[in-house]
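Colleague: Sharing a structure with you now.
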Amino acid sequence: MAAAVWNRHPKYAILVVVAILTTVYLLVPYSGPVNTARYDIVTRGADLVSRIQQSHDIYDRLLKNRKGLIKKFGPNPADIALFPPDVAPWPPYTVWDFFPAAFNCPHEIERHGALGDGGKWVCGLSRVQDKPDCIVYSFGINLESSFEAEILKYTKHCQIWGYDFSVKSFGPEIPSNQLHRTHFHAYGLGGEDKHGPNDSPPMYTLETLMRENGHTHIDLLKIDIEGWEFDTLTTLIKPYATSGLPLPFGQLQLEIHIWDKTFAQYLTWWETLEAAGLRPFWTEPNLVYQNYNKKKGTADLAEYSFLNVKGSNVFISDKHYGKESGHPHQPPARD
Numbered sequence: 033m034a035a036a037v038w039n040r041h042p043k044y045a046i047l048v049v050v051a052i053l054t055t056v057y058l059l060v061p062y063s064g065p066v067n068t069a070r071y072d073i074v075t076r077g078a079d080l081v082s083r084i085q086q087s088h089d090i091y092d093r094l095l096k097n098r099k100g101l102i103k104k105f106g107p108n109p110a111d112i113a114l115f116p117p118d119v120a121p122w123p124p125y126t127v128w129d130f131f132p133a134a135f136n137c138p139h140e141i142e143r144h145g146a147l148g149d150g151g152k153w154v155c156g157l158s159r160v161q162d163k164p165d166c167i168v169y170s171f172g173i174n175l176e177s178s179f180e181a182e183i184l185k186y187t188k189h190c191q192i193w194g195y196d197f198s199v200k201s202f203g204p205e206i207p208s209n210q211l212h213r214t215h216f217h218a219y220g221l222g223g224e225d226k227h228g229p230n231d232s233p234p235m236y237t238l239e240t241l242m243r244e245n246g247h248t249h250i251d252l253l254k255i256d257i258e259g260w261e262f263d264t265l266t267t268l269i270k271p272y273a274t275s276g277l278p279l280p281f282g283q284l285q286l287e288i289h290i291w292d293k294t295f296a297q298y299l300t301w302w303e304t305l306e307a308a309g310l311r312p313f314w315t316e317p318n319l320v321y322q323n324y325n326k327k328k329g330t331a332d333l334a335e336y337s338f339l340n341v342k343g344s345n346v347f348i349s350d351k352h353y354g355k356e357s358g359h360p361h362q363p364p365a366r367d
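Just so we're aligned, residue 33 is where the sequence shown starts under this note's numbering, counting upward by one.
Okay, structure coming up:
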């Protein structure tokens, strides 16, 4: 009976065969090369401009609120404790409450790397997933490279330069087939160059390393240098603040170690970052450190992620998005 139907209506038989083959094709798992791209929707154009402007408006309100909070608990910065003591009147704040991550990232936000210590929050990795000249610098490896491994996994062309004088290589998280996209040196990041034959460990400024590597712009800059971030970033920012040029990186992932600082010192340093165009879009306390710092009892470490809102980097502008050209922000000469 069925054979007779096929004989009388061969075109139906062909349609059935095509339908079966199509179904099998769709249901069988694809075993070809894995596409690392994971971001199908990318913010751009007028929508990007309007989102950034809205974020500026929100952050401006935050700046006014900070002044009000300082006046309330100060009234001068020198009068404010980083962490108020457990005595009356128990003022309800810590230093971190004055510096919330109030700038909204205009793209997707995702944590890359391990949960717990090691991962970092990134704004808009989609903007560099196909960027041919994507550059990443990572200072402070400590044999834990889950962050760097994920950046390599979810981008096609990003090259990563890693620096840490306490170890000899990236951590084991980076697969062997991606090592050709990494470059490691046992150097430290500092506020001045000290890498002569008698200097141990060798210390380099960011400007010197960029010049030696032939770079004028960094897309993602990760810094975890155990308290040296204050002098290092102050020195780095100074010539750019003087010249008015944008900082030579699009985004900064930074662990802040507030040891031995006063509120007034920290406020001055933080306002230097803001004046240079850095806006925090994410923060979290380092609770791993806090768990092992119970005797002191203060939350001295915090992770911050900043967006550079000056210039035309790929996270805030379409000027370079999808193009192979680099960014023309040559670091200015130091005084």
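Cβ coordinates follow ideal geometry from the N, Cα and C atoms, glycine included.
1) Could you give the first and the last residue of the continuous beta strand (DSSP E) run that contains D251?
2) For E239 and I112, I'd like the C-alpha separation in whole angstroms.
3) According to DSSP, is G282 helix, strand or coil?
4) What is the DSSP secondary structure of Q319, reduced to helix, strand or coil?
5) Give me whichever residues DSSP pairs with A334 in a beta bridge.
6) Could you pull out every unbroken alpha helix (DSSP H) segment of at least 4 residues lying fully inside the segment 150-220, listed in chain order?
7) What whole-angstrom Cβ distance do F179 and H144 have, given they're in contact under 8 Å?
8) Go through its chain and collect everything with a Cβ distance to Y321's Cβ below 6 Å, but skip five positions before and after it.
9) For T214, which option in E224, Y195, G220 and R243 has the closest C-alpha, if you only look at C-alpha atoms?
10) With burial defined as no fewer than 16 other Cβ atoms inside 10 Å of the residue's Cβ, what is the status of W153: buried or exposed?
11) Is the segment 86-101 close to the segment 158-169, with three or more CB pairs under 8 Å?
12) Between which two residues does the beta strand (DSSP E) holding I141 run?
13) Span of the alpha helix (DSSP H) holding D350?
14) Beta-carbon separation of G259 and W291 under 7 Å?
15) In the DSSP assignment, the alpha helix (DSSP H) including L265 goes from what residue to what residue?
16) What do you reckon, are the CB atoms on V205 and S170 nearer than 7 Å?
17) Starting from N245, trace the alpha helix (DSSP H) in both directions and tell me its first and last residue.
18) Under DSSP, the alpha helix (DSSP H) around W301 begins and ends at which residues?
19) From this set, L211, L175, P107 and P278, which residue's C-alpha is nearest D256's C-alpha?
20) Going by CA-CA distance only, name the one from K96, C190 and P138 that's closest to L80.
21) Can you list, in chain order, the residues of its chain whose CB lies under 6 Å from that of F115, leaving out five sequence neighbours each side?
22) Mind checking who R311 pairs with in its DSSP beta bridge?
23) What residue from A78, P278 and F130 has the CA that sits closest to K22's CA?
Modeller: Concretely, from the data shown:
1) Looking up residue 251 in the sequence shown gives position 219. Its beta strand (DSSP E) spans residues I250 to I255.
2) Position 207 of the sequence shown, counted from the first residue, corresponds to residue 239. Position 80 of the sequence shown, counted from the first residue, corresponds to residue 112. Whole-angstrom Cα-Cα distance: 35 Å.
3) Against the sequence shown, residue 282 aligns to sequence position 250. Reduced to three states, the DSSP call for G282 is strand.
4) As a first step, residue 319 must be located in the sequence shown, where it is residue number 287. The sequence given here has Leu at residue 319, not Gln. L319 falls in the helix class under three-state DSSP.
5) For the purposes of this step, residue 334 is identified with residue 302 of the sequence shown, where counting begins at 1. Paired residues: I288 and P317.
6) 178-185
7) Taking the first residue of the sequence shown as position 1, residue 179 is located at position 147. Taking the first residue of the sequence shown as position 1, residue 144 is located at position 112. That pair is a contact at about 5 Å.
8) Translated into the one-based positions of the sequence shown, residue 321 becomes position 289. Excluding positions up to five away in sequence, the list reads L333.
9) Counted from its first residue, the sequence shown places residue 214 at position 182. Checked all of E224, Y195, G220 and R243; the closest Cα to T214 is Y195.
10) The sequence position of residue 153 within the sequence shown is 121, counting from 1. By the neighbour-count rule (16 or more Cβ atoms within 10 Å), W153 is buried.
11) no
12) As a working mapping, residue 141 is identified with position 109 in the sequence shown. I141 to H144 is the extent of the beta strand (DSSP E) around I141.
13) Counting from one through the sequence shown, the residue named residue 350 turns up at place 318. Taken as a continuous stretch (DSSP letters only), D350 belongs to no alpha helix (DSSP H), as it is neither H nor E.
14) In the sequence shown, the residue the question calls residue 259 occupies position 227. In the sequence shown, the residue the question calls residue 291 occupies position 259. A contact, by the Cβ cut-off of 7 Å.
15) Mapped onto the sequence shown, residue 265 falls at position 233. Looking at the DSSP string, the run of the alpha helix (DSSP H) that includes L265 is E261 to S275.
16) For the purposes of this step, residue 205 is identified with residue 173 of the sequence shown, where counting begins at 1. For the purposes of this step, residue 170 is identified with residue 138 of the sequence shown, where counting begins at 1. What sits at residue 205 in the sequence shown is Glu, not Val. In this structure, S170 does not lie closer than 7 Å to E205 by Cβ.
17) For the purposes of this step, residue 245 is taken as the residue at position 213 of the sequence shown. Run containing N245: L238 to N245, per the alpha helix (DSSP H) assignment.
18) Here residue 301 refers to the residue found at position 269 when the sequence shown is read from its first residue. Start and end: F295 to A307.
19) Here residue 256 refers to the residue found at position 224 of the sequence shown. Taking only the C-alpha atoms, the option nearest D256 is L175.
20) The count along the sequence shown starts at 1 and reaches residue 80 at position 48. Considering only alpha carbons, the answer is P138.
21) Here the question's residue 115 lines up with position 83 in the sequence shown. Closer than 6 Å at the Cβ level, and outside the excluded window around F115, lie T126 and T330.
22) On the sequence shown, position 279 is the one that residue 311 refers to. Bridge partners of R311 according to DSSP: L339.
23) Nothing about residue 22 can be reported from this structure: the residues present for the chain run from 33 to 367 only.
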